[in-house]
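A.B. asks: Below you'll find the structure I mean.
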Amino acid sequence: MLVGLHYLKHSYNVSDERVVEGYLENPYWQYLCGNEYFAHDLPCDPTSLVKWRKRIGSDGLGKLLEETILLGQREGQIKDQEFTRVNVDTTVQEKAIAFPTDARLYHKARQALVKEASKENIKLRQSYKRKSKLALIKQGRYFHAKQSKRAHKETKRLKTYLGCVKRDIERKVENPNQRLKSLLEISERILTQSKNSKNKIYSIHAPEVECISKGKSHKKYEFGCKVSLVTTSKSNWIVGVQALHDNPYDGHTLKSAIDQMEKITGLRPKEIYVDSGYKGKDHHPEDVQVHLSNKSRKKMTRWEKMWMDRRSAIEPVISHLKHDHNMIRNFLKGKEGDRINAVLAAAGCNLRKLIRAFFLFLDRFTFFRAHICQISFFHN
């Protein structure tokens, strides 16, 4: 049942709460989850989905993606020949965080430290609760009014408040617990990082978030992790997906992406079509022919041009994954949450293709049946 609920959650782009509510009122969803009779009670608490995901992990949930591909093969929707040519590309899976600014980070870090100190019964000299909030409001107003000198002064004040609270806790606690120790380390990194620092902290609750620039005109920076995607060139079935951390170069991810596809499908592609971000033959698999989009089209045959034109078909797949299958904003926690969300989004996308294929077959069957009945009626 939980497997079916996760398929439905990412097929129809709903939350844990909404998928449980939808199960209660939709007989088709109940049938997909294995029910023989209509149920009038909630199948489980929404938190059960969270616990199940943690227990299964990203490796176990990869079986859900594998099963959608096997089902497509059994139903004749995917031919083995399609796996010989694939498109590979990367995108950014954004995390559910606010846009990071220095002032907000100082304020949030101080809030987290004060809250944890209160739980541990640590009596602080001063919490700066009201002063910090007022300074954050002023900083936003000054920045909006383009009074940068005043805004920087308030930012510096917020930084001072964070430093005072951090040092006060360090003086009063010799052996902090794991949570408090982690917050102190994050606060130290926030206080010491500068404009040109590497591996910055962009969020208190999601310190693994990276800043990635893809050169988009409408969105200069994206905050999350990179995701590698492998689709079949002919019909856009997703046969591989990986959440990659530390913002690796696209070319370095190609071998692992193809290895994952081979693990899922049992077949290895012969030709791969990629964009110019995968330059560098040293990083390409030796047993696979890699076609870069920056190759001169004058040297291509008509057949090669046709398949190279299909490379861009992976772009709408990425857009559908983000806007229709819960990948535009990841709410799952940590690096493991990034991997889980990427795999489930791909599984949901494949399931929607199977559902469309079923209804297309049903529509054609109904049309031909009505046509035959009409012919027999006139003959009689």
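Numbering (full-length UniProt numbering), first residue to last: 1 to 380.
Idealized CB from N, CA, C, for every residue including glycine.
(1) By the three-class DSSP mapping on this structure, what secondary structure does A345 have?
(2) Where does V209 sit, in a helix, a strand or coil, going by DSSP?
(3) From the DSSP output, in three-state form, read off N330 for me.
(4) Check D246 in the structure and name its three-state DSSP category.
(5) Smallest Cα separation from I249: which of S276, I272, L113, I238?
(6) Quick check: what's the CA-CA separation for L71 versus K353?
(7) So, L292 versus K279, is the Cβ gap smaller than 8 Å?
(8) With a threshold of 8 Å on Cβ separation, who are the neighbours of F377 within its own chain once the five nearest residues in sequence on each side are excluded?
(9) Please say whether R311 and Y273 have beta carbons closer to each other than 8 Å?
(10) For L5, collect the residues of the same chain with a Cβ closer than 6 Å to its Cβ; drop the 5 residues on either side in sequence, then sort them by chain order.
(11) Quick one: give me the first and last residue of the alpha helix (DSSP H) that R302 is part of.
(12) By how many angstroms is the C-alpha of N236 removed from the C-alpha of Y37?
(13) Taking S228 as the reference, which of H218, L254, A206, Y221 has the closest Cα?
(14) When you compare each of D102, D338, C349 to G57 by their alpha carbons, which one comes out closest?
(15) Could you tell me which residues DSSP puts in a beta bridge with T90?
(16) Along the chain, which unbroken stretches of the beta strand (DSSP E) at least 3 residues long are found entirely within the region 272-300?
(17) Which whole-angstrom value describes the C-beta separation of Y128 and Y161, a residue pair presumed to lie in contact below a C-beta threshold of 8 Å?
(18) Comparing alpha-carbon positions, which option in E67, E120, T232, S203 lies nearest I314?
(19) Could you spell out where the alpha helix (DSSP H) holding C164 opens and where it closes?
(20) According to DSSP, is R268 helix, strand or coil?
(21) Whole-angstrom Cβ separation of V241 and A117, contact assumed at under 8 Å?
(22) Assuming L95 contacts V209 (C-beta within less than 8 Å), just tell me the rounded distance between them.
(23) Which of the three DSSP states is assigned to R85 in this structure?
(24) My guess is that T68 and N350 are in contact by the Cβ rule of under 8 Å, so how many angstroms apart are they, rounded?
(25) My guess is that A347 and L49 are in contact by the Cβ rule of under 8 Å, so how many angstroms apart are they, rounded?
(26) Does the beta-carbon distance from K335 to H245 come in below 8 Å?
(27) E82: buried (16+ other C-beta within 10 angstroms of its C-beta) or exposed?
(28) Near Q77, which residues of its chain fall below 6 Å by C-beta distance, leaving aside the five closest residues on each side in sequence?
(29) Looking only at its own chain, which residues have a Cβ that is under 7 Å from the Cβ of L183, when we skip the five neighbours before and after it?
(30) Here's the rule: buried if 16 or more other CB atoms are within 10 angstroms of the residue's CB, otherwise exposed. What is Y7?
C.D. replies: In this structure, then:
(1) helix
(2) coil
(3) Of the three classes helix, strand and coil, the one that applies to N330 here is strand, per DSSP.
(4) Secondary structure at D246: coil, using DSSP grouped into helix, strand and coil.
(5) According to the sequence shown, residue 249 is Tyr rather than Ile. Ranking the options by Cα distance to Y249, first place goes to S276.
(6) Those two C-alpha atoms are separated by around 11 Å.
(7) yes
(8) Confidence in F377 is poor, its pLDDT being 48 and thus under 50, which makes the residue's placement too unreliable to answer from.
(9) yes
(10) V19
(11) Note, R302: alpha helix (DSSP H), 302-309.
(12) Here the alpha carbons of N236 and Y37 stand approximately 36 Å from one another.
(13) L254
(14) D338
(15) S228
(16) Counting only runs that start and end inside the region 272-300, the beta strand (DSSP E) elements of at least 3 residues fall at 289-292.
(17) Correct: roughly 4 Å between the Cβ atoms.
(18) That would be T232, whose Cα lies nearest to the Cα of I314.
(19) 148-172
(20) coil
(21) Not really, about 41 Å apart at Cβ, beyond 8 Å.
(22) Residue identity check: residue 95 is Lys in the sequence provided, not Leu. That pair is a contact at about 5 Å.
(23) strand
(24) 4 Å
(25) That pair is no contact at about 14 Å.
(26) yes
(27) buried
(28) A357
(29) Residues of the same chain with a CB within less than 7 Å of the CB of L183, apart from the 5 flanking positions on each side, are A112, L113, E116 in chain order.
(30) The residue in question, Y7, is buried, as its Cβ has 16 or more Cβ neighbours within 10 Å.
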